[in-house]
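Here the sequence shown stands for residues 772 to 839, where the numbers follow this note's numbering.
Worksheet for the structure shown next.
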Amino acid sequence: MEAKYDREVDILRINWSEAEIEESDSVSPGVILDYDSQGNVIGIEVLNASQKIKNLNPNNLKIKIEQL
């Protein structure tokens, strides 16, 4: 899994697969899901991330995944 924040264009990308992006779909304004060739979600992009994610601090970006 990889998370990247590009300050220059204010985009947060989170990818959990290295598969090639075959298709992308906007699921809400400024939120895009990326799919592989088999239709699996492999990533998410958040446009204007600093406006959509409260207290976004890319230097302290941590992702916690809990199993239920």
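For each residue, glycine too, the CB sits at the ideal point set by N, CA and C.
The model shown is predicted, which means the values in this text are computed figures rather than measured ones.
Determine the direct distance from the alpha carbon of E773 to that of A790, and round the result to whole angstroms. Within the sequence shown, numbered from 1, the residue matching residue 790 stands at position 19. Within the sequence shown, numbered from 1, the residue matching residue 773 stands at position 2. For A790 and E773, the distance between alpha carbons rounds to 12 Å.
Is L804 near D796, with beta carbons less than 7 Å apart? By 1-based counting over the sequence shown, the position of residue 804 is 33. By 1-based counting over the sequence shown, the position of residue 796 is 25. Against a cut-off of 7 Å, the Cβ pair of D796 and L804 comes out as a contact.
By how many angstroms is the C-alpha of E779 removed from the C-alpha of A820? Here residue 820 is taken as the residue at index 49 of the sequence shown, counted from 1. Here residue 779 is taken as the residue at index 8 of the sequence shown, counted from 1. Near 11 Å, if we compare the C-alpha coordinates of E779 and A820.
Through-space distance from Q822 to I813, alpha-carbon basis: As a first step, residue 813 must be located in the sequence shown, where it is residue number 42. As a first step, residue 822 must be located in the sequence shown, where it is residue number 51. Cα-Cα distance, rounded: 24 Å.
Taking its Cβ as the centre, do 16 or more other Cβ atoms sit within 10 Å of V817, making it buried, or is it exposed? Position 46 of the sequence shown, counting from 1, holds the residue named residue 817. With 16 or more Cβ atoms within 10 Å of its Cβ, V817 is classed as buried.
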